[in-house]
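Under UniProt numbering, the first residue of the sequence shown is numbered 1, with each subsequent residue one higher. Virtual Cβ for every residue (Gly too), placed ideally from N, Cα, C. The structure appears below as structure tokens.
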Amino acid sequence: MRTNLLKLFVLAIVITGISSHVYSAEIPPNLDRFVVVLDAGHGGKDTGNIGNGYKEKDIALSIVLKIGKALEKYEGIDVVYTRDTDVFIPLEKRGKIANDANADLFVSVHCNAHNSQAYGTETFVLGLHRNETNFEVAKRENSVIYLEEDYEITYSDFDINSPESFIGLTIMQEEYLDQSILLADFVQKEFTNKLNRKNRGVKQAGFIVLHQTYMPSVLIETGFLTNDHEGAFLNSNTGRDKMATAITNAIIEYSHTINLNTLESIVANHPMGVDDGQKVSKSQIYKDVTFRVQIAAGSKKLDPKPYNFKGLSNIDRIKEAGLYKYYYGETSDYLKIQQLHKEAIKKGYPSSYIVAFKNDNKITVNEALKSRLK
1 MRTNLLKLFV
11 LAIVITGISS
21 HVYSAEIPPN
31 LDRFVVVLDA
41 GHGGKDTGNI
51 GNGYKEKDIA
61 LSIVLKIGKA
71 LEKYEGIDVV
81 YTRDTDVFIP
91 LEKRGKIAND
101 ANADLFVSVH
111 CNAHNSQAYG
121 TETFVLGLHR
131 NETNFEVAKR
141 ENSVIYLEED
151 YEITYSDFDI
161 NSPESFIGLT
171 IMQEEYLDQS
181 ILLADFVQKE
191 FTNKLNRKNR
201 GVKQAGFIVL
211 HQTYMPSVLI
221 ETGFLTNDHE
231 GAFLNSNTGR
241 DKMATAITNA
251 IIEYSHTINL
261 NTLESIVANH
271 PMGVDDGQKV
281 SKSQIYKDVT
291 FRVQIAAGSK
301 KLDPKPYNFK
311 GLSNIDRIKE
321 AGLYKYYYGE
331 TSDYLKIQQL
341 HKEAIKKGYP
351 SSYIVAFKND
361 NKITVNEALK
371 SRLK
């Protein structure tokens, strides 16, 4: 838990306008073991919402345990739970569990609620509230602090009813914003494309549980228990299985994209990447695929000039989901994009990563690499 002094220091940075315009993590991913912390929302005396009589805490735990069981089958992935039974865990302790595990990823699973028949899935990353709806979702999830002992002391600088309280929270997590958005996007695509769930998008809001972590983090609202059909789906074993599978697939795709050792091992095993079993090809062209290096993402619109990007030229700026993403280089040659990525790292972007596009649509790098084997 950060000290109050550190929080005040961060707020001072925000107020004086010294904060960075473009955010990129300073700590590269763990390439030895990929550690995923799974956080089942609520628990114990905190039931979460009880739309249609279903308990959010039970559904979230069931989905999380299914995700963990699936992930544990993958070599190189370690799973840590903030809770694996029906117990109450304070928000600040959930973040501490993830930080102590030196996790590469924090995934918090929840169920939504509304006073209407609203439905659909949405995945949140930490950020300032873009609208009143996002603010209300965050307030509901953050209200659990009132069940904690000594919450007045633990969260003395925080008022869940004040949007201004979230400024200090968001600046702490902004260095991981681009990677958090990457995972959130994978999650929503799985829900939409594989399960045909309504896509309510990737959003930003001030969730305390995300603020406490020092790694890419997302909070997933798997659907509305208050919706008659969606609530019944999430309360069913089939529904929970499907949601767990979708989230698992998204985490795996994310790990493959971020973990360069995994990507390079795929390329090394490509039969078309080697000439006569000895000489490595000078190029690996993937038809109809464009590779780029994502170096940063942020809410501020910057001129894509070298002076804004540590001397790197050939920067492309694209607005996606209300945020500006900054890409370095553009090529269909995977070997060339690897070199460009190394250049980006040397220039001071250690958390940059390779992304792929096909027909102007973003696809995973794994999909791009596998396409050449077909």
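When rounded, the separation of the alpha-carbon atoms in residue 347 and residue 306 is 11 Å. The beta carbon of residue 285 is closer than 6 Å to those of 332 and 333 in its chain, skipping five residues each way along the sequence. Cβ-Cβ distances below 7 Å link residue 186 to 250, 253 and 254 in the same chain, with the five nearest sequence neighbours on each side left out; the list follows chain order. Across the structure, residue 228 and residue 242 are spaced so that their CA atoms are roughly 18 Å apart. As computed with DSSP, residue 317 is found in a beta bridge with 326. The C-beta distance from residue 68 to residue 122 rounds to 22 Å, too long to meet the 8 Å contact threshold. Secondary structure of residue 240 (DSSP, three-state): helix. DSSP lists no bridge partner for residue 339. With at least 16 other beta carbons inside 10 angstroms of its own, residue 43 counts as buried. Between residue 35 and residue 78, the C-beta spacing is below 9 Å. Separation of residue 318 and residue 73 (C-alpha to C-alpha, rounded to the nearest whole angstrom) is 37 Å. Sequence-distant Cβ neighbours of residue 89 in its own chain, meaning closer than 7 Å and more than five residues away, are 43, 82 and 83. Annotated three-state conformation of residue 184 is helix, per DSSP. Excluding five sequence positions before and after residue 39, the CB atoms of its chain that fall closer than 6 Å to its own CB belong to 82, 94 and 108, given in chain order. Relative to the Cα of residue 322, the nearest Cα in the group 125, 80 and 120 belongs to 125.
Looking from the CA of residue 287, the closest CA among 351, 368 and 311 belongs to 368. Distance from the CA of residue 257 to the CA of residue 224, rounded to the nearest whole angstrom, comes to 30 Å. Within the same chain, and ignoring the five residues on either side of residue 330 in sequence, the residues whose Cβ sits closer than 8 Å to its Cβ are 290, 291, 292, 314 and 316. Residues of the same chain with a CB within less than 6 Å of the CB of residue 62, apart from the 5 flanking positions on each side, are 240 in chain order.
Counting only runs of at least 3 residues, the stretch 25-74 fully encloses the following beta strand (DSSP E) elements, listed from N- to C-terminal order: 34-40. In this chain, residue 112 is not harboured by any alpha helix (DSSP H); it is covered by the beta strand (DSSP E) spanning 105-112.
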